[in-house]
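Asks: The following block contains the structure, expressed as structure tokens.
Numbering (this note's numbering), first residue to last: 2 to 272.
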């Protein structure tokens with residue numbers, strides 16, 4: 002966290018690269034303390050005690066997104082709810098324009114209006130030669146399978162099932178892309194340099210090792226990975242898709258090991 006705030010201080014010309022992290026952060030917090038028109042967002046924060054010393058004072062505002070509900074002592078928690086049905090239908094039809102409103106409504110009902118599950122379903126249905134009823138059958142089958150694994154009740158099974166369907170589709174298209182996703186699941190939630198996979202191909206699983214030495218094949222695998230697991234945000238050109246890594250970290254891919262998919266937001270008035 003300190004490193005990221007130091008980068009912000011440098012971007013605002015409050016510190017230089019030669020300043021220590023402690024100095025840069027102190028300068029940034031000092032300036033924020035004296036001003037009242039700013040917003041600082043701490044995204045996906047996990048540990049309230051670790052964040053305390055970085056919370057700026059002053060007249061601005063702080064937003065903390067987190068899957069950890071224990072922020073009551075530092076901020077006012079605000080739950081993030083699912084979409085309403087009209088929003089769900091709009092999201093599905095935007096990603097999969099061939100869907101009728103009634104079809105989108107059926108899918109939204111099955112997925113519990115969960116935004117990530119809806120986006121995942123829209124991406125899958127826009128590419129797959131699969132009808133809506135067939136998709137709903139698959140969704141039911143996958144949900145039943147997940148229940149037999151003993152997935153905790155707090156995990157959104159509709160999201161887990163939709164992700165598993167997408168992963169099955171990815172596996173039929175490119176084993177290398179699926180292995181890339183599996184490897185990314187072990188890495189921190191930061192952009193991943195593609196060279197991490199290409200400079201040591203012998204250390205990789207067979208399918209990834211084969212494409213890692215072929216720039217065209219490796220690029221094709223990355224594109225399949227991006228297309229196969231949902232809508233993407235722009236990333237640094239030398240970074241692998243962080244959304245795919247976040248997906249792999251989620252319990253929908255690794256029940257019992259991943260992070261919860263619910264994301265409370267804590268808001269703190271610094272005044």
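All C-beta atoms in this analysis are idealised placements derived from N, C-alpha and C, irrespective of residue type, glycine included.
Residue 52: which of 170, 72 and 134 sits nearest, CA to CA?
Replies: Numbered from its first residue, the chain shown carries residue 52 at position 51. Out of 170, 72 and 134, 72 has the C-alpha closest to the C-alpha of residue 52.
Asks: Counting Cβ pairs closer than 8 Å, one from the region 54–62 and one from the region 79–97, do we hit at least three?
Replies: At 8 Å Cβ cutoff, the stretches do not touch.
Asks: Starting from residue 31, follow the alpha helix (DSSP H) in both directions and report where the run begins and ends.
Replies: Here residue 31 corresponds to residue number 30 of the chain shown, with the count starting at 1. Where residue 31 is concerned, the enclosing alpha helix (DSSP H) stretches over 22–34.
Asks: So, under 8 Å CB-CB, residue 180 and residue 209 are touching, yes? Tell me the CB distance rounded to an integer number of Å.
Replies: As a position in the chain shown, residue 180 is number 179, starting the count at 1. As a position in the chain shown, residue 209 is number 208, starting the count at 1. Yes, residue 180 and residue 209 are in contact; Cβ-Cβ is about 5 Å, under 8 Å.
Asks: To which residues of the same chain is residue 7 closer than 7 Å at the C-beta, ignoring the five residues directly before and after it?
Replies: Here the question's residue 7 lines up with position 6 in the chain shown. Closer than 7 Å at the Cβ level, and outside the excluded window around residue 7, lie 16, 22, 25 and 26.
Asks: Determine, using beta-carbon pairs with one atom in the region 60–79 and one in the region 36–49, whether at least three such pairs fall under 8 Å.
Replies: Verdict: yes, contact present.
Asks: Could you tell me which of 186, 193 and 62 sits nearest to residue 35, measuring between CA atoms?
Replies: Taking the chain shown and counting its residues from 1, the one referred to as residue 35 is at position 34. Here the closest residue by C-alpha is 62.
Asks: Could you name the residues of the same chain whose beta carbon sits closer than 8 Å to that of residue 184, not counting the 5 residues immediately before and after it, in chain order?
Replies: Position 183 of the chain shown holds residue 184. Same-chain partners within the cutoff: 198, 205, 206 and 209.
Asks: So for residue 187, helix, strand or coil by DSSP?
Replies: As a first step, residue 187 is located in the chain shown; it is residue number 186 there, counting from the start. Of the three classes helix, strand and coil, the one that applies to residue 187 here is coil, per DSSP.
Asks: Tell me the DSSP secondary structure of residue 212 in three-state form.
Replies: To locate residue 212, count along the chain shown from 1; it is residue 211. Helix, per DSSP.
Asks: Ordered along the chain, which non-local residues of its own chain (more than five positions away) have a Cβ less than 7 Å from that of residue 222?
Replies: Stepping through the chain shown from its first residue, residue 222 is reached at position 221. Closer than 7 Å at the Cβ level, and outside the excluded window around residue 222, lie 175, 177, 178, 181 and 212.
Asks: Please report the distance separating the alpha-carbon of residue 114 from that of residue 31.
Replies: In the chain shown, the residue the question calls residue 114 occupies position 113. In the chain shown, the residue the question calls residue 31 occupies position 30. In a straight line, the C-alpha of residue 114 is about 43 Å away from that of residue 31.
Asks: Residue 142 to residue 165, Cα distance in whole Å?
Replies: Translated into the one-based positions of the chain shown, residue 142 becomes position 141. Translated into the one-based positions of the chain shown, residue 165 becomes position 164. Spanning the two alpha carbons is a distance of roughly 11 Å.
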